[in-house]
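The sequence shown begins at 532 in the working numbering and counts up one residue at a time. Note that the Cβ used here is the ideal one computed from N, Cα and C, for glycine as well.
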Amino acid sequence: MSGPSFRLASGGLIDRSQTLTFTFDGKAYTGHPGDTLASALLAHGVRLFGRSFKYHRPRGVLTAGSAEPNALVTLRAGARAEPNTTATTIELYQGLVATSQNRWPSLAFDMMAVNQLAAPLFVAGFYYKTFMWPAKAWEKLYEPLIRRAAGLGAVSGAEDPDTYEHDHAFCDLLVVGAGPAGLIAARDAANAGLRIVIADENAVPGGQLLSERVSIGGQGGGQGGGQSGGAWAAAMLAELAAMPNVRVLMRTTVFGRFDDGEHGAIERVADHVAIPAAGQPRQRMWKIVASRTILATGATERPIVFDGNDRPGVMLASAVSTYCNRFGVAPGRRAVVLTSGDSGWQTAADLIAAGVTLLAVIDTRAHVGDAVSAPIHAAGVRVITGGTLTEAKGSPLSRVNARDSGGAEYTFAADLLAVAGGWNPQIALAAHLGDKPVWRDDIAAYALGRAPAGLSAAGAANGVYGLAGVLASARAAAGAIIAALGKPAATEALPIAQDTAHGVSAVWATGPCKAKAFVDFQHDVTASDVTLAVREGYTSVEHFKRYTTLGMATDQGRIAQVNGHGLLAAATGKALAETGTIRARPPVVPVAIGAFGGHHRGRHFRPTRHTAGHGWAAAQGAVFVDAGLWKRAQWFPRAGEVGWRPPVDREVNATRGGVGVCDVSTLGKIELIGPDVGVLLDRLYINGFSGLKVGKARYGVMLREDGFVMDDGTVTRFADDRWFMTTTTANAAPVMQHIDFARQVLWPDLDVQAVSVTEQWATYAVAGPRARDLLAAALPGVDVSNTALPYMGATELRWRGYAARLYRLSFSGELAYELSVPASQGAALIEHLFAVGANFGLTAYGTEALGVMRIEKGHPAGNELNGWTTATDLGMGRMASAKKDFIGRIMAGRPALVDPARPRLVGLKPVDGTSPVRAGGHLLRQGADLVAANDEGFVSSACYSPTLGHPIALGFLMRGADRHGEHVVVHDPVRGADVLAVVCDPVFVDPAGERLRG
532 MSGPSFRLAS GGLIDRSQTL TFTFDGKAYT GHPGDTLASA LLAHGVRLFG RSFKYHRPRG
592 VLTAGSAEPN ALVTLRAGAR AEPNTTATTI ELYQGLVATS QNRWPSLAFD MMAVNQLAAP
652 LFVAGFYYKT FMWPAKAWEK LYEPLIRRAA GLGAVSGAED PDTYEHDHAF CDLLVVGAGP
712 AGLIAARDAA NAGLRIVIAD ENAVPGGQLL SERVSIGGQG GGQGGGQSGG AWAAAMLAEL
772 AAMPNVRVLM RTTVFGRFDD GEHGAIERVA DHVAIPAAGQ PRQRMWKIVA SRTILATGAT
832 ERPIVFDGND RPGVMLASAV STYCNRFGVA PGRRAVVLTS GDSGWQTAAD LIAAGVTLLA
892 VIDTRAHVGD AVSAPIHAAG VRVITGGTLT EAKGSPLSRV NARDSGGAEY TFAADLLAVA
952 GGWNPQIALA AHLGDKPVWR DDIAAYALGR APAGLSAAGA ANGVYGLAGV LASARAAAGA
1012 IIAALGKPAA TEALPIAQDT AHGVSAVWAT GPCKAKAFVD FQHDVTASDV TLAVREGYTS
1072 VEHFKRYTTL GMATDQGRIA QVNGHGLLAA ATGKALAETG TIRARPPVVP VAIGAFGGHH
1132 RGRHFRPTRH TAGHGWAAAQ GAVFVDAGLW KRAQWFPRAG EVGWRPPVDR EVNATRGGVG
1192 VCDVSTLGKI ELIGPDVGVL LDRLYINGFS GLKVGKARYG VMLREDGFVM DDGTVTRFAD
1252 DRWFMTTTTA NAAPVMQHID FARQVLWPDL DVQAVSVTEQ WATYAVAGPR ARDLLAAALP
1312 GVDVSNTALP YMGATELRWR GYAARLYRLS FSGELAYELS VPASQGAALI EHLFAVGANF
1372 GLTAYGTEAL GVMRIEKGHP AGNELNGWTT ATDLGMGRMA SAKKDFIGRI MAGRPALVDP
1432 ARPRLVGLKP VDGTSPVRAG GHLLRQGADL VAANDEGFVS SACYSPTLGH PIALGFLMRG
1492 ADRHGEHVVV HDPVRGADVL AVVCDPVFVD PAGERLRG
């Protein structure tokens, strides 16, 4: 135990029959199930929880919920350490380990508190005005210091041992919050037959009911008695959980609202235990799609700004009530209440009931209703109306100075100051799609104005605070949705509940605010920073936020924002309705990156994809390479072959001299169906496709909207309304996205359906002069003659009872075919081909040999389709049809893209016939200085050509088509060894195309 116990002798919703042990900063403490880390430490008299970000001032607990700005700790240790966790929301468990942060060497003695001496320098916007001189000091001194100081906690740097899941839910109504409003709305809607999801960030239902000494229950007409708020809420949740059309998600925070009724939510599945059970995720990310949403998120109490308002022992009044009533903890021995509304008086009553000595209630209002103040007067407590709190002193709090309306001064020796400055409806989710809150004078807060489509608020989230009013508000919100969906209205009477007074005045600050009077506790933004921002012209709420950083901490301004805007309005002489407020942005609470990633981490982040023939290739000793998301055979070494060149040269020669097979299953494959496919393809490709005959294929080039080449590939027409497209491996997904955008957004009137089938087909390229002979033997009964299946022809067939497709296409420049079968038959097909191909000297070749042959043939590929080349740059400008429009046509005609001086595709050969031409080398005129100003192009692809017996390359050279025969220098400043090369046609082998048409 640390110090005297502040645990009340009875009361609270904790389980006193069990005792849990935990440590904070290495010191052992005890608590009970139902405690939070904050309540358990407060029960031991711990007041100091952390240090502020900028000034390293001592800070204690301010709230009892997720908006806590001060009590941020690192939970757990080692690889599971999680910094910046709010102590007010951490459920206590056996063996919990927590440490304070943002201090050195210790929390009690923090050397960085020396920053307070430099407070005059660390005002709002100081980072815009300092670190400017000398310029050389930025990289060596200023930036390292700033980076070292940035942030509050520290990650472990070790791999997270826990797992995270993603899940989806679909419902008619999402109810956010399981307080009284949420429970009534959910029950009414569920009884009407709607599919309900109810989500609440707490472990137990009830919301504010858990913090108040209220009774609820019984039926209209005077039937029955009442229950405690917690018991009623638990019974209501149990009733809902038992209904088949209701999903209950406790410990789940809805953190964002997005288009089309989508909501993001994070469920803390195992945050309340030391280590998740085997197979259990630590957290689960939900995507909830709801037709309607009710915000029953309650309201957050706001503080009041005054000198010393950040001292440990200064707490929100609602938090004080929560610790007394829910956790059975007295946060102090001698208390003062400062309030600008009626709710603070309820906290005063709670303190008296808990046995805490209440020294005074200071109400900033001149007049307070007797019904509110009478119980406090009756208890003999000093009441100061029209009062001002001038300063809080001590660390932790030891003295409170106040003044009444007549100017009389008071000093109270208090260790607890409960502050009630009014309530802010929690409507951040409503603003995520751009709807701004509006100011309401009647509740002195921003509230939901024009509700976004499909969303409504109930209870305190809608500015209704009395319990009976909250229940009625929830019924009205649910009833409107039930009626809109044509369901029967609720008939069950509402539980009996009593309304309490909830008057409030808009008070942002009290006292002189000459010393440190904090507006944003976490970012150390003070009242004087607000004044400075106004003086320097930052009077727009958006500019003000960024200049001062107010509202940019982990609590997203839930505590500080309204006070900041109130002070801004006062300083500019405007009303708050005119000043406005900012739109909240998701997430409402911090969400672990691991939760967003889910299973997509490590090897699951980029899953290894194998083609159907991968196992066969591995058995042949293939060396694999990553190609996009796939593993592809790069080459097939044989005994005695050292390095990569011998097997690649052998594979090229064997294919050009006989027949070879290459697995090309990774090429993107897209099926397009519908009467308007031809029209769509005409708009996607630069060349025409609508006139393509059935049984024919055509090569096409696709541009981006900016006129640059996006991808190339082939399209085959199998029927009037059935087409098949191939793409490069790397662009399979982007092209599919491009097609979907074109047909769904640009031309939704076209009758076209498209689906990616890349994984559904296994495809093998069979190439070489004996390719036809091999296929004739492997596919008996299929006519593969030049007459039946000419170049760029295609046919559908059956192989072993399965649908198959045969295309007469060539990427190697040889007589070649591509044979496709269902992926389930891919392994069987490659084995069959090699069983038959033994008589033909069949050779397997990999991507390296394929690349060599495509360079020999002058085919552009990934290195040439690099995102900044045009069709004309690639020598394909004449393919572009002048008879139709297509995506990118106008932009491709920009002067810079049709400039004859642009680098164009050329071939390169070493003048000496032996020196390698390296990819990435720069092309310069012979005799020119080797400087960037003389750079005229670069080498995009290079290889040794076994067919020609010397190195070759493809590259881009300014006016390249006019410079064939010219000598240029290939300059390689990184690897050295410049080479003199001759510019030539990019097609090195069979320029007439006789082989592939044979």
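Query                                                                                                                                                       : Result
Out of Leu847, His697, Gly1111, Val903, which one is the CA nearest neighbour of arginine 833?                                                              : Leu847
Reducing DSSP to helix, strand and coil, say where phenylalanine 1255 ends up.                                                                              : strand
CB-CB under 6 Å to asparagine 1394, same chain, minus the five flanking residues each way: which ones, in chain order?                                      : Ser1471, Ser1472
Would a C-beta distance cut-off of 8 Å place alanine 827 and leucine 771 closer than the cut-off?                                                           : no
For the stretch 587 to 649, list the beta strand (DSSP E) runs that are entirely contained and at least 3 residues long, ordered along the chain.           : 603 to 606, 613 to 617, 627 to 630
Tell me the DSSP bridge mates of serine 759?                                                                                                                : Ser746
Do tryptophan 1254 and proline 1353 count as a contact pair if the criterion is CB distance below 8 Å?                                                      : no
So the candidates are Ala1523, Met816, Gly724; which of them puts its Cα closest to the Cα of valine 1122?                                                  : Met816
Kindly confirm or deny that the stretch 588 to 596 and the stretch 571 to 580 touch, where touching means at least three C-beta pairs closer than 8 Å.      : yes
Could you check whether alanine 689 and alanine 610 sit closer than 8 Å to each other, using their CB atoms as the reference points?                        : yes
Tyrosine 1348 to phenylalanine 1371, Cα distance in whole Å?                                                                                                : 16 Å
Return the residue from the list Gly1468, Ala1411, Ile677, Gly1480 that minimises the CA-CA distance to aspartate 1503.                                     : Gly1468
Per the DSSP calculation, proline 1434 is bridged to which residue(s)?                                                                                      : Met1489
Apply the 10 Å Cβ neighbour rule to leucine 1310 and answer buried if 16 or more other Cβ atoms are within range, or exposed otherwise.                     : buried
With distances taken between CB atoms, is the gap from leucine 1025 to isoleucine 715 smaller than 8 Å?                                                     : yes
What is the DSSP secondary structure of asparagine 1465, reduced to helix, strand or coil?                                                                  : helix
Give the straight-line distance between the Cα atoms of leucine 1002 and tyrosine 996, rounded to the nearest whole angstrom.                               : 10 Å
Run through DSSP, which three-state label would glutamine 1053 get?                                                                                         : coil
Report the rounded CA-to-CA distance for proline 564 versus phenylalanine 657, giving the unit in angstroms.                                                : 46 Å
Helix, strand or coil, according to DSSP, for histidine 1363 in the structure here?                                                                         : helix
Helix or strand or just coil, what does DSSP make of leucine 1310?                                                                                          : coil
If you pair each beta-carbon of the stretch 699 to 717 with each one of the stretch 738 to 746, do three or more pairs fall below 8 Å?                      : yes
Considering only residues of the same chain and omitting the five flanking positions on each side of alanine 1115, which have a CB-CB separation below 6 Å? : Ala959, Ala962
Please report the straight-line C-alpha distance between alanine 1228 and alanine 1413, rounded to a whole angstrom.                                        : 21 Å
Is the CB-CB distance between arginine 538 and glycine 859 below 8 Å?                                                                                       : yes
Could you tell me whether the stretch 1413 to 1425 touches the stretch 1474 to 1488, using the rule of 3 or more Cβ pairs below 8 Å?                        : no
Taking the straight line between their C-alpha atoms, what separation do you get for leucine 920 and aspartate 946?                                         : 15 Å
What is the DSSP secondary structure of histidine 699, reduced to helix, strand or coil?                                                                    : strand
Kindly indicate the opening and closing residues of the alpha helix (DSSP H) around tyrosine 1078.                                                          : 1072 to 1079
Between which residues of its own chain and aspartate 691 is the CB-CB distance below 6 Å, once the five residues before and five after are set aside?      : Gly1125
Taking the alpha-carbon of glutamate 1236 as reference, which of Ala1084, Asp1252, Gly1222, Leu1277 has the nearest alpha-carbon?                           : Leu1277
Three or more C-beta pairs closer than 8 Å, one from the stretch 1102 to 1112 and one from the stretch 1318 to 1335: is that the case here?                 : no
When you compare each of Ala1106, Arg634, Ala540 to tyrosine 586 by their alpha carbons, which one comes out closest?                                       : Arg634
Would glycine 751 be called buried (16 or more neighbouring beta carbons within 10 Å of its own) or exposed?                                                : In this prediction, glycine 751 scores a pLDDT of 42, lower than 50, which makes its location untrustworthy; the coordinate-derived value is nonetheless stated afterwards. It is exposed - the Cβ of glycine 751 has fewer than 16 other Cβ atoms within 10 Å.
Could you tell me whether the stretch 1484 to 1500 touches the stretch 1394 to 1406, where touching means 3 or more Cβ pairs closer than 8 Å?               : yes
Could you check how far apart the C-beta atoms of threonine 1139 and glycine 1199 are, in whole angstroms? I think they sit under 8 Å.                      : That pair is no contact at about 18 Å.
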